[in-house]
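Chemist: So the sequence lines, in the order shown, correspond to chains G and A. Here the first sequence is numbered in our numbering, starting from 1477 and rising by one per residue. Here the second sequence is numbered in our numbering, starting from 73 and rising by one per residue. C-beta: ideal position from N, C-alpha, C; glycine also. The structure presented is a predicted model; accordingly, all values stated were derived computationally and were not measured.
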Amino acid sequence: MEIKKTSLNKLHQSNNAKFVEFAGYEMPIQYSKGIIEEHKFTRSHSGIFDVSHMGQLFIYGDETLTDELEKIFPLDLKNLKQNCSKYSFLMNEDAGIYDDLIITKIEEGYLIILNAACKDKDFEILSNLLGSKFKMNLDNNRSLIAIQGPKSVEILNSIISGVDQLNFMTGNWFDSDNQKLFVTRSGYTGEDGFEISISNDKAEKFVENLIEKGAQLIGLGARDTLRLEAGLCLYGHELDINKTPVEANLRWAISKSRLSNGGFIGSKKIMNQMQDGASQIRVGIKPEGRLIAREKTKIFDDTDTQIGEITSGTFGPSVNGPIAMGYVNKEFSKVDTKILLEVRGKKHPANVCALPFYKKNYVKGVY
Amino acid sequence: MSEVKFSKEHEWITLEGDVATIGITKHATEMLGDIVFAELPEKGSNVEKDGTAGVVESTKAASDVYTPVSGEVVDTNQAIVDDPSKINEDPEGSAWFFKLKMKDQSEMDSLMNKEEYDKFAKESAS
Chain G
1477 MEIKKTSLNK
1487 LHQSNNAKFV
1497 EFAGYEMPIQ
1507 YSKGIIEEHK
1517 FTRSHSGIFD
1527 VSHMGQLFIY
1537 GDETLTDELE
1547 KIFPLDLKNL
1557 KQNCSKYSFL
1567 MNEDAGIYDD
1577 LIITKIEEGY
1587 LIILNAACKD
1597 KDFEILSNLL
1607 GSKFKMNLDN
1617 NRSLIAIQGP
1627 KSVEILNSII
1637 SGVDQLNFMT
1647 GNWFDSDNQK
1657 LFVTRSGYTG
1667 EDGFEISISN
1677 DKAEKFVENL
1687 IEKGAQLIGL
1697 GARDTLRLEA
1707 GLCLYGHELD
1717 INKTPVEANL
1727 RWAISKSRLS
1737 NGGFIGSKKI
1747 MNQMQDGASQ
1757 IRVGIKPEGR
1767 LIAREKTKIF
1777 DDTDTQIGEI
1787 TSGTFGPSVN
1797 GPIAMGYVNK
1807 EFSKVDTKIL
1817 LEVRGKKHPA
1827 NVCALPFYKK
1837 NYVKGVY
Chain A
73 MSEVKFSKEH
83 EWITLEGDVA
93 TIGITKHATE
103 MLGDIVFAEL
113 PEKGSNVEKD
123 GTAGVVESTK
133 AASDVYTPVS
143 GEVVDTNQAI
153 VDDPSKINED
163 PEGSAWFFKL
173 KMKDQSEMDS
183 LMNKEEYDKF
193 AKESAS
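Pasting the structure below:
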C-alpha cells in the first residue's frame, strides 16, 4: 500500500523533518533541533503538531442520534452541552478498547476524533452499530493541527480572534480567511492548547502563519515524551483490545450517571470491575537513577515473581529523568511500592508513582 | 598518539602505547539523536573484539556499543554517565567511552581510516 501524506508534508520537508511511517502515513518524528529541544520549546513557548493523520468523524442526525450513541459510549450525552467535549472509548462487549477518542457535541450532531491506526475500523464498527439512519463522514478533506504550550493562546488568538474565550474541553466554529474552522481547546501534551480542524488546501498557509507568529513545528517524538510526562495513554501501548478502561485507570472518563443502569457496550464488565476492582491496573513508574525501561520491560517483585509489564518508557526532558507507565497486579499498584525492572538481563529498582509526572496547565473558567 | 581509526559499528579508536581510547562517532550521534543514557563496561573486565561493551539510549531507542578491539578495560568516562548529553556535544573528543589495554595491536589493521569511514557512513546513511 502506498504511504499516505498529510497536506503539510511539503512544509515538514522544507523544515528538515526526519520522517517515519506511522499508521500508514509519512509523519515527522523530529525536525533539526531534536526531540529534547522540541519538547522543551512546547513546554515554554508554543509547538505546532500535524495530527492530520487522525480521523475526524462527523456524524449528523436528529435527536435519536444521542440515544443511539449512548448505547455505544459510557457518556451522559443527553446532558452534554453543545460545543463541549468528552474523552471516551469505543469498546467491545468485554469492555476491551477498540480506540480512545474525543467526542464533541456540535450543531445537529457530533464530531469524534479517532486515532489514525484505528479510524477505518472504528468507522466500520460505528457504521454497523448506527445503521444508515445518520449521515457519517470520516472527513479526509480536513487537516487537524494542534498548537500546544503557554504562548499558544496568544499566537492563535492573533490569527483567529475569540479562541481565548474557550474553556478547556470546549470548542466552536470560527471564521478565518473566508472559511470555517472548528477549534477546540484541547490537546495531548499536558499544556494549554488548541486543535484546529481546517480544510486541506488552507492548512499549509495557516501553519506558516503560526510559525511567523513564533510557534515551531514539533515532531511525533516530542509528542510522545510530552504525553508520557502528562501521564496520558497512547493507543497500542497503554490501551488495546485486551485492556478495559477500569484496568487502564480511566474510570474518571466513565459518566457516573451511566454506571447505575449501564446500557452501553461493555457496561456489564465495567460495572463488575468498578465493584470488584481489576486484577491489573495502569500505574506511573519511576526507575531509580537514569535507567530507561522501554515498552515490554518485565516488572518483578522482590521474590522474583513477574507482576507486570511496561507499556511506555522514555526519558522525560522536563522531569529530567526516566519515566514509564505500565500494568502491575492490583496489590502492587499503590504509590511508592518498590518494584524491579528487568533491563538487559539485570533487575533494577523502581517505584510506583502518581501520575502525571509533569503538572498540567489546563485553562478552566475563562468566563 | 596513533591515527584515528573507525569501525563499521560507528566507533572511533585511538592508540597510545598499548592503551586504546574508544568512543562513538559524530555520525552515530546524529543518527541516534539526543542521548539520555549511557552504560559502560566495568573497569577490570575483559571485552572481545566486536562484542558489546556498553549501551547508549536516545529518547527513541536503546543501542548497543561495540568494541572494535579486544582488551582489558582500564578506565571508563564517568562524566558521560552523569551527563549523557555530553556525548552529543563532543562525541569524538571529551566524550570518549572507555580505555582498553590491548592484547593484539594487529586488530587495528582491519579498521577504517577517516576517509574510508566518511565514505562508509555516507553510504550507510542513504
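Alpha carbon to alpha carbon, how far is residue 74 (chain A) from residue 88 (chain A)? Give it in angstroms, no decimals.
Modeler: Those two C-alpha atoms are separated by around 6 Å.
Chemist: Give the straight-line distance between the Cα atoms of residue 118 (chain A) and residue 169 (chain A), rounded to the nearest whole angstrom.
Modeler: Distance between the alpha carbons of residue 118 (chain A) and residue 169 (chain A): 15 Å.
Chemist: Looking at residue 164 (chain A): is its Cβ nearer than 8 Å to the Cβ of residue 97 (chain A)?
Modeler: Yes, they are a contact pair.
Chemist: Over the uninterrupted alpha helix (DSSP H) stretch that includes residue 160 (chain A), give me the two end residues.
Modeler: Start and end: 157–161.
Chemist: Mind checking if residue 1694 (chain G) is an interface residue toward chain A, Cβ cutoff 8 Å exclusive?
Modeler: False, the Cβ-Cβ gap to chain A never drops below 8 Å.
Chemist: Are the CB atoms of residue 1567 (chain G) and residue 1739 (chain G) within a distance shorter than 8 Å?
Modeler: Contact: no.
Chemist: Less than 8 Å between CB atoms is the rule here; does residue 1511 (chain G) satisfy it with respect to chain A?
Modeler: Output row for residue 1511 (chain G): interface = yes.
Chemist: Would you kindly work out how many angstroms separate the C-alpha atoms of residue 1814 (chain G) and residue 1824 (chain G), rounded to a whole number?
Modeler: Rounded to the nearest angstrom, the two C-alpha atoms are 10 Å apart.
Chemist: Are any of the Cβ atoms in chain A nearer than 8 Å to that of residue 1799 (chain G)?
Modeler: No, residue 1799 (chain G) lies away from the interface with chain A (no Cβ there is under 8 Å from its Cβ).
Chemist: Which residue wins for smallest C-alpha separation from residue 1821 (chain G), given the options G:1773, G:1537, G:1807, G:1810?
Modeler: Residue G:1773 is the option with its Cα nearest to residue 1821 (chain G).
Chemist: Relative to the C-alpha of residue 121 (chain A), which residue among A:141, A:105, A:129 is closest?
Modeler: Nearest of A:141, A:105, A:129 to residue 121 (chain A), Cα basis: A:141.
Chemist: First and last residue of the alpha helix (DSSP H) that includes residue 1745 (chain G)?
Modeler: 1743–1752 is the extent of the alpha helix (DSSP H) around residue 1745 (chain G).
Chemist: With H, G and I counted as helix, E and B as strand and the rest as coil, what does DSSP make of residue 1842 (chain G)?
Modeler: Here the model assigns residue 1842 (chain G) a pLDDT of 49, short of 50, so the residue's position is not dependable, and the following value carries that caveat. Three-state result, residue 1842 (chain G): coil.
Chemist: With 16 as the cutoff for other CB atoms within 10 Å, does residue 108 (chain A) come out buried or exposed?
Modeler: Residue 108 (chain A) should be labelled buried.
Chemist: Please state whether DSSP places residue 1556 (chain G) in a helix, a strand or coil.
Modeler: In this structure, residue 1556 (chain G) counts as coil in the three-state DSSP scheme.
Chemist: If I follow the unbroken alpha helix (DSSP H) through residue 1519 (chain G), where does it start and stop?
Modeler: Unbroken alpha helix (DSSP H) run through residue 1519 (chain G): 1511–1520.
Chemist: So that I know if they touch, is there some Cβ in chain G lying closer than 8 Å to that of residue 184 (chain A)?
Modeler: False, the Cβ-Cβ gap to chain G never drops below 8 Å.
Chemist: Just the C-alpha distance for residue 1624 (chain G) and residue 1506 (chain G), rounded to the nearest angstrom, thanks.
Modeler: Each residue's alpha carbon lies about 16 Å from the other.
Chemist: What are the start and end residues of each continuous beta strand (DSSP E) run of 3 or more residues lying completely inside the segment 1584–1633 of chain G, in chain order?
Modeler: DSSP runs (the beta strand (DSSP E)) wholly in the segment 1584–1633 of chain G: 1585–1590, 1611–1614, 1618–1624.
Chemist: Can you name the residues of chain A whose CB is closer than 7 Å to the CB of residue 1790 (chain G)?
Modeler: The answer, in chain order, is 131.
Chemist: Using a Cβ-Cβ cut-off of 6 Å (strictly less than) and excluding sequence neighbours within five positions of residue 188 (chain A), which residues of its own chain qualify?
Modeler: So no residue of the chain qualifies.
Chemist: Closer than 8 Å by C-beta to residue 1764 (chain G): which residues in its own chain qualify, once you throw out the five before and the five after it? Chain order, please.
Modeler: Taken in chain order, the residues that qualify are 1824, 1825, 1826, 1827.
Chemist: Exposed or buried, what is residue 1482 (chain G) when buried is set at 16 or more other beta-carbons lying within 10 Å of its beta-carbon?
Modeler: Buried, because 16 or more other Cβ atoms sit within 10 Å of the Cβ of residue 1482 (chain G).
Chemist: If you scan the segment 1693–1763 of chain G from start to end, which runs of the beta strand (DSSP E) of 3 or more residues do you find wholly inside it?
Modeler: If we require 3 residues or more, the beta strand (DSSP E) runs fully inside the segment 1693–1763 of chain G come out as 1756–1763.
Chemist: Relative to the alpha-carbon of residue 1809 (chain G), which residue among G:1830, G:1789, G:1817 has its alpha-carbon at the smallest distance?
Modeler: Out of G:1830, G:1789, G:1817, G:1830 has the C-alpha closest to the C-alpha of residue 1809 (chain G).
Chemist: So which residues on chain G does residue 134 (chain A) lean against when the C-beta distance must stay under 9 Å?
Modeler: Simply 1768, 1770, 1819, 1820.
Chemist: To the nearest angstrom, report how far apart residue 1807 (chain G) and residue 1755 (chain G) are at their CA atoms.
Modeler: If you take the alpha carbons of residue 1807 (chain G) and residue 1755 (chain G), they lie about 8 Å apart.
Chemist: Exposed or buried, what is residue 1842 (chain G) when buried is set at 16 or more other beta-carbons lying within 10 Å of its beta-carbon?
Modeler: Because residue 1842 (chain G) sits at a pLDDT of 49, beneath the cut-off of 50, its placement in the model cannot be relied upon, and the point is left open.
Chemist: Kindly list, in the order they appear in chain A, the residues whose Cβ is closer than 8 Å to that of residue 1697 (chain G).
Modeler: Here the neighbours are 105, 131, 132.
Chemist: So with CB distances below 8 Å, who are the chain A contacts of residue 1749 (chain G)?
Modeler: Those do not exist, as residue 1749 (chain G) stays about 34 Å from chain A at its closest Cβ, beyond 8 Å.
Chemist: Output the distance between the C-alpha atoms of residue 1811 (chain G) and residue 1789 (chain G), rounded to the nearest integer angstrom.
Modeler: Whole-angstrom Cα-Cα distance: 18 Å.
Chemist: Using Cβ-Cβ distances below 9 Å, what residues of the segment 156–183 of chain A are close to chain G?
Modeler: Flagged, chain order: 156, 157, 160.
Chemist: What does residue 127 (chain A) touch in chain C if you count any residue whose Cβ is under 8 Å from its own?
Modeler: Going by chain labels, chain C is absent from the structure shown, which instead holds the protein chains G and A.
Chemist: Figure out for me which residue from G:1632, G:1690, G:1529, G:1658 has the closest Cα to the Cα of residue 1616 (chain G).
Modeler: The option with the nearest alpha carbon to residue 1616 (chain G) is G:1529.
Chemist: Are the beta-carbon atoms of residue 1798 (chain G) and residue 1767 (chain G) separated by less than 8 Å?
Modeler: Yes, Cβ-Cβ distance for residue 1798 (chain G) and residue 1767 (chain G) is below 8 Å.
Chemist: Between the alpha carbons of residue 1753 (chain G) and residue 1721 (chain G), how many angstroms are there, rounded?
Modeler: If you take the alpha carbons of residue 1753 (chain G) and residue 1721 (chain G), they lie about 12 Å apart.
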